[in-house]
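**Q**
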Amino acid sequence: MKDVHLISLSVNGNEHELVVESRRTLADMLRHDLGYTGTHLGCEHGICGACTILLDDQPVRACLVFGVQADGCEVRTVEGLADGDQLSDLQQAFSDRHGLQCGFCTPGFLMLAEAYLSEADSSADPESVREAMASNLCRCTGYQGIVEAVCDVARSRHPAGST
Ligand code: FES
Ligand code: FES
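Sequence positions in the sequence shown follow this note's numbering and run 28 to 190.
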């Protein structure tokens, strides 16, 4: 008999209850059991960051977390950023700054950047953004557009002089 658990979690504000095997990763659970295929899997062993999601507001690599560990948690994935057809400010900035090419890494970078921006202030500079983004890999862009996009949003969300 399989080792399974009944868990409940919120994903982008939607409540889910499901039975999941002990060994199922959060990434596989999100993609295959719940249909949130925006979370991408690259290396599947914690190197590339393509699978980055927010678990109770903290960025985590969903390939390294078991689904059962998300029981009772709030998960945010890339699907939760846009409002219908309206891109979020961060998504629009990635587009404007050419922060993506093939787009495979983009969901992970967007969620990593959201975590960074939630703690950033008006003093966010390219160096600190580059350091924060350094945990994820992009094979296409050279990172410059990604850094510029995150800096743009940091400035717009936290204008100089604001708290
Ligand atoms: S797929 Fe999770 S870190 Fe690469
Ligand atoms: S845009 Fe292709 S891997 Fe980053």
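Cβ atoms here follow ideal geometry from the backbone N, Cα and C, with glycine treated the same way.
Below 8 Å on the Cβ atoms is my contact criterion, and I expect G135 with C78 to pass it. Report the Cβ-Cβ distance as a whole number of Å.
**A** 6 Å
**Q** Use the C-beta contact count for D148: other C-beta atoms within 10 angstroms, 16 or more gives buried, fewer gives exposed.
**A** Looking at its Cβ environment, which holds fewer than 16 other Cβ atoms inside 10 Å, D148 is exposed.
**Q** What whole-angstrom Cβ distance do V177 and L144 have, given they're in contact under 8 Å?
**A** 7 Å
**Q** Apart from the five residues just before and just after A109, which ones in its own chain have a Cβ nearer than 7 Å to its Cβ?
**A** S115 and Q118
**Q** Just grab the DSSP bridge partners of V47 for me.
**A** Per DSSP, H32.
**Q** Hey, L13 and C75: beta-carbon distance below 8 Å or not?
**A** A question about residue 13 goes unanswered here, because the residues of the chain that appear run from 28 up to 190.
**Q** Tell me which residue opens and which closes the beta strand (DSSP E) that L81 is part of.
**A** T79 to L82
**Q** How about A142 and L68: are their beta carbons less than 8 Å apart?
**A** no
**Q** Sort I34, F93, V180 and E106 by Cα distance to E206 and report the nearest one.
**A** The structure shown does not extend to residue 206, since the chain spans only 28 to 190, so no value can be given for it.
**Q** Quick check on DSSP: helix, strand or coil for D152?
**A** D152 falls in the coil class under three-state DSSP.
**Q** Helix, strand or coil for R103 per DSSP?
**A** strand
**Q** Report all residues from its chain with a CB closer than 7 Å to the CB of A54; omit the five preceding and five following residues, and keep chain order.
**A** T66, L68, C78, A89 and C90
**Q** Using the beta-carbon of each residue, find all residues closer than 7 Å to any heavy atom of ligand 2 and list them in chain order.
**A** L127, Q128, C129, G130, F131, C132, T133, C165, R166, C167 and T168
**Q** At a threshold of 7 Å, does G76 count as lining ligand 1 (C-beta to nearest heavy atom)?
**A** yes
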